[in-house]
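Numbered by my numbering, the letters in the sequence shown go through residues 14 to 143 in order.
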Amino acid sequence: MRKNNEFNIFKSQKNNPRILKVTQLIKKTLSEVFLTMDFTYDNGKSIILFINKVTLSKDAKIATVFITNFSDKNFISKEQFQTIIESNLSRIKKEFSSRIELRYTPKLKFRLDEETERLFELNKVLNDLK
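This is the structure in structure tokens:
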């Protein structure tokens, strides 16, 4: 019997053309949803977010969306950013399901993409060395 492991979503997907098309469609639709929605923090500042990557399960029922916060890191922490996304999750899912044209609307899971933040920190360190 095979264990249900959460790390399977982080493995690279094979180049299945259908999966690639669906992930591109999900990314495009979510970006349109994020553009129309207004994400603001408690102090009234807007939050800028970026969709890095979308991974899809083999049966296309679960989509994991990796997002990055491009807002000023001084006024919002990772935890606060995640709570803002979670508080607007029902609105995001409702808009997403009304806009996407698929037979089955995949369940959305949002994860903060720490890979991009590490790249920015590494780039900053390398620039400081110059």
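Where is the CB? At the ideal position from N, CA and C, for every residue including glycine. As the structure is a prediction and not an experimental result, all values here were calculated from the model.
Check                                                                                                                    : Outcome
Selected residue, minimal CA-CA separation from Lys-107, among Pro-119, Thr-96 and Ser-90                                : Pro-119
Pairwise C-alpha distance: Glu-45 and Lys-122                                                                            : 17 Å
Whole-angstrom distance between Asp-51 and Ile-80, CA atom to CA atom                                                    : 16 Å
Buried versus exposed, by CB contacts within 10 Å (16 or more), Phe-63                                                   : exposed
Exposure of Val-138, with buried meaning 16 or more beta-carbon neighbours within 10 Å                                   : exposed
Neighbourhood of Asn-101 by C-beta distance below 8 Å, restricted to the same chain and skipping five residues each side : Met-50 and Phe-52
Beta-bridge partners of Val-78, as assigned by DSSP                                                                      : Val-67 and Phe-123
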